[in-house]
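Below is one structure, written out as structure tokens; the observations come after it.
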Amino acid sequence: MFEKLEKLLTPVANSLSKNKILIAIRDGFMITVPITIVASIFLLLANFPIEGWSTFIAGFFGEGWEQHLARVTRVGFNTIALLGALGIGYAYSREEGIDNKIAGGVVAMVCFLIISPQAHPTFVNEGGSSFRGFSLTHLGTAGMFLSMLTAIISVKIFGWALKKNLVIKLPDGVPPMVMDSFASLIPAAFAILFFFVVNIIFSNTSYEYAHNFIYQVLQAPLTGLGQLSIFEVIYQFLSTLFWFFGINGPAVTNTIFGPIHKALTLENLNNFEAGKPMLNIFTAGFSDFFCNFGGGGSTLGLVIMMSTIGKSSRIKTLGRLSLPAGIFGINEPIIFGLPVVLNPIMAVPFILTPVVNTILATVATYIGFIPITSGIQLPWTMPIVFSGFLVTGTIRGAILQIFLLAVNMAIYYPFLRILDNKYLEDEKNAVSEKDEIDDLSFDDLSLD
Numbered sequence: 001m002f003e004k005l006e007k008l009l010t011p012v013a014n015s016l017s018k019n020k021i022l023i024a025i026r027d028g029f030m031i032t033v034p035i036t037i038v039a040s041i042f043l044l045l046a047n048f049p050i051e052g053w054s055t056f057i058a059g060f061f062g063e064g065w066e067q068h069l070a071r072v073t074r075v076g077f078n079t080i081a082l083l084g085a086l087g088i089g090y091a092y093s094r095e096e097g098i099d100n101k102i103a104g105g106v107v108a109m110v111c112f113l114i115i116s117p118q119a120h121p122t123f124v125n126e127g128g129s130s131f132r133g134f135s136l137t138h139l140g141t142a143g144m145f146l147s148m149l150t151a152i153i154s155v156k157i158f159g160w161a162l163k164k165n166l167v168i169k170l171p172d173g174v175p176p177m178v179m180d181s182f183a184s185l186i187p188a189a190f191a192i193l194f195f196f197v198v199n200i201i202f203s204n205t206s207y208e209y210a211h212n213f214i215y216q217v218l219q220a221p222l223t224g225l226g227q228l229s230i231f232e233v234i235y236q237f238l239s240t241l242f243w244f245f246g247i248n249g250p251a252v253t254n255t256i257f258g259p260i261h262k263a264l265t266l267e268n269l270n271n272f273e274a275g276k277p278m279l280n281i282f283t284a285g286f287s288d289f290f291c292n293f294g295g296g297g298s299t300l301g302l303v304i305m306m307s308t309i310g311k312s313s314r315i316k317t318l319g320r321l322s323l324p325a326g327i328f329g330i331n332e333p334i335i336f337g338l339p340v341v342l343n344p345i346m347a348v349p350f351i352l353t354p355v356v357n358t359i360l361a362t363v364a365t366y367i368g369f370i371p372i373t374s375g376i377q378l379p380w381t382m383p384i385v386f387s388g389f390l391v392t393g394t395i396r397g398a399i400l401q402i403f404l405l406a407v408n409m410a411i412y413y414p415f416l417r418i419l420d421n422k423y424l425e426d427e428k429n430a431v432s433e434k435d436e437i438d439d440l441s442f443d444d445l446s447l448d
């Protein structure tokens, strides 16, 4: 059965992991990770989940001190689409073999701004003039999917013009920086002209802007998919299934599920800041800290048992060596050292545990034991208990993590026992068996 699954999944995983567009989207949004984490820290400081925190800090910095932190938070989260266009443009230029990769990123960002709304008739000042300029709303969560499409299409046009040698050539001796700038001029013009026309086309439709069209036709349905109860279960199941065959599961599944997670997370964050109800359960924080902590397969409980109740030297030593990394969500030593990969004994608990976590955490959210996560983004290496408290703002988040850890240990326990006994038996046999060379004797050896 495992051989058939491997033959079925390996080509799919290889195809997804080698797809240039999906790689560019995945790597391009990585540029936003440090920004969102720093912005989350500012948001957390402004809304730290301890009663009396705001009053205490106001004693040092005065009333309204949170607004200074909110400025960083708003810029950090509400430029996700703009930064994504730049990052995806750069990454896709790299995948397409374009030498001037940063030029591809800049062109993608400019094209995204060209088709972004610059007039807002519903916002009128006291003088009766409507606001003109870019709004953070369109440069943030609402523009994420449009930024992906814009970056890919603009770089495709940019690269096509370069390959057709539609460039301005300067004489030898011109500094390389100047030469690269002029070489990018005509290709950039083609991409910009394309989106200039696209903007005109949309301005003559009922959508008015490409943002409205993409959000209504693509982004809203996809985020709606992310709100379905089955969404996170499928994501966790596929991620661990790929890991079982030695393929980095999230590296494959995040190319599809990652943008949806990010959109749901940022939508919660915007509602949290505005004091509105948060509706999305399956945020990045929920996925990282309640569904699958301790690494792929949610193996933290397994590692703890290996290091404490393991009998075989192999299990106990590997558990103790892997525990420090496992606390911070890194479990490659277990994946490849136990091993979990293609190990039929560990297949069931490894794939089942994250699914059980997801179902239990979802139920806990529905019944109100923990609140919906606020959209604060923490590093995925944040240890449990701390992460559960911070992403939910309540100690019940930490309690749920401890409960899930106990459930995980119960799931892994019988299978660990089977594997531990097998390794223990192997170790005993290795000690009792003597090498044939031990029976050799040279006492009767004669040279005659």
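Here the sequence shown is numbered in this note's numbering, starting from 1 and rising by one per residue. Every residue gets a Cβ at the ideal spot worked out from N, C-alpha and C, and that includes glycine. Small disclaimer: the values here were computed from a predicted structure and weren't measured.
What residues match up with residue i in a beta bridge as DSSP calls it?
i	result
R132	A119
Assuming the contact rule is C-beta atoms closer than 8 angstroms, residue i and residue j should be a hit. Round their C-beta distance to whole Å, please.
i	j	result
G28	A151	7 angstroms
S154	A210	Not confirmed; about 13 angstroms, so no contact.
V341	F272	Not really, about 40 angstroms apart at Cβ, beyond 8 angstroms.
T353	S298	5 angstroms
T79	L139	5 angstroms
R94	G258	At roughly 19 angstroms, the Cβ-Cβ gap does not stay under 8 angstroms, so R94 and G258 are not in contact.
A85	I23	The Cβ separation is near 16 angstroms, so there is no contact.
R132	A142	Not quite, the Cβ-Cβ distance comes to about 19 angstroms (not below 8 angstroms), so this is no contact.
S322	E427	At roughly 19 angstroms, the Cβ-Cβ gap does not stay under 8 angstroms, so S322 and E427 are not in contact.
I31	L69	Wrong, their Cβ atoms sit about 23 angstroms apart, outside the cutoff.
F403	V348	Rounded, the Cβ-Cβ distance is 21 angstroms, inconsistent with contact.
V391	Q401	Not confirmed; about 10 angstroms, so no contact.
E96	G52	Incorrect: roughly 55 angstroms between the Cβ atoms, too far for contact.
N204	I115	With a Cβ gap of about 14 angstroms, N204 and I115 do not count as contacting.
Please return the same chain residues whose Cβ sits closer than 7 angstroms to the Cβ of residue i, not counting the five positions on each side in sequence.
i	result
L162	I98, P187
A410	none
Q377	T36, I37, S40, T265, A284, G285
F182	I168, L170
I281	T362, T365, I372
Q236	C291, N292, P354, V355, T358
L424	K311, S312
N429	none
P277	N271
N268	M278, N280, T283, I372, T373, S374, G375
Taking the alpha carbon of residue i as the point to measure from, which residue in the options has its own alpha carbon closest?
i	options	result
S135	L113, L149, M148	L113
I88	R74, A119, L149, F389	L149
A108	K156, A364, T73	K156
Y413	M306, K316, G326	M306
G296	Y90, M177, F350, S387	F350
L185	N165, P175, K276	N165
I345	P277, Y215, I418, R320	I418
S287	V217, M382, I309, T205	M382
G249	A58, F60, E332	E332
P339	I315, V178, A325, E63	I315
F242	P117, I335, L44, R71	I335
G64	T73, V72, A46, V75	A46
G337	G326, L318, S203	L318
A189	V110, I57, N343	V110
For residue i, which residues from the same chain have a beta carbon less than 8 angstroms from its beta carbon, with the 5 sequence-adjacent residues on both sides left out?
i	result
S229	T362
I437	Legend: pLDDT at I437 = 48, less than 50; position of this residue unreliable, no value from coordinates given.
A81	F112, H138, L139, G140, T141, A142, G143, M144, L146, S147
M179	L170
F389	P49, I395, G397, A398
Short of 6 angstroms in beta carbon distance, which residues of its chain neighbour residue i, apart from the five on each side in sequence? Order them along the chain.
i	result
F471	Since the first and last residues shown for the chain are 1 and 448, residue 471 lies out of range.
N408	S298, G301, T353
F42	L69, V72, T73
D420	G310, K311, S312, I315
F202	Y209, A210
Taking 9 angstroms as the CB-CB limit, is residue i close to chain C?
i	result
L318	Judged by its chain identifiers, the structure shown contains no chain C, having just a single protein chain.
Three CB pairs or more closer than 8 angstroms across the region 292 to 308 and the region 103 to 110: no
Inter-stretch contact (C-beta, 8 angstroms, three-pair minimum) for the region 348 to 359 and the region 283 to 300: yes
Inter-stretch contact (C-beta, 8 angstroms, three-pair minimum) for the region 359 to 379 and the region 391 to 405: yes
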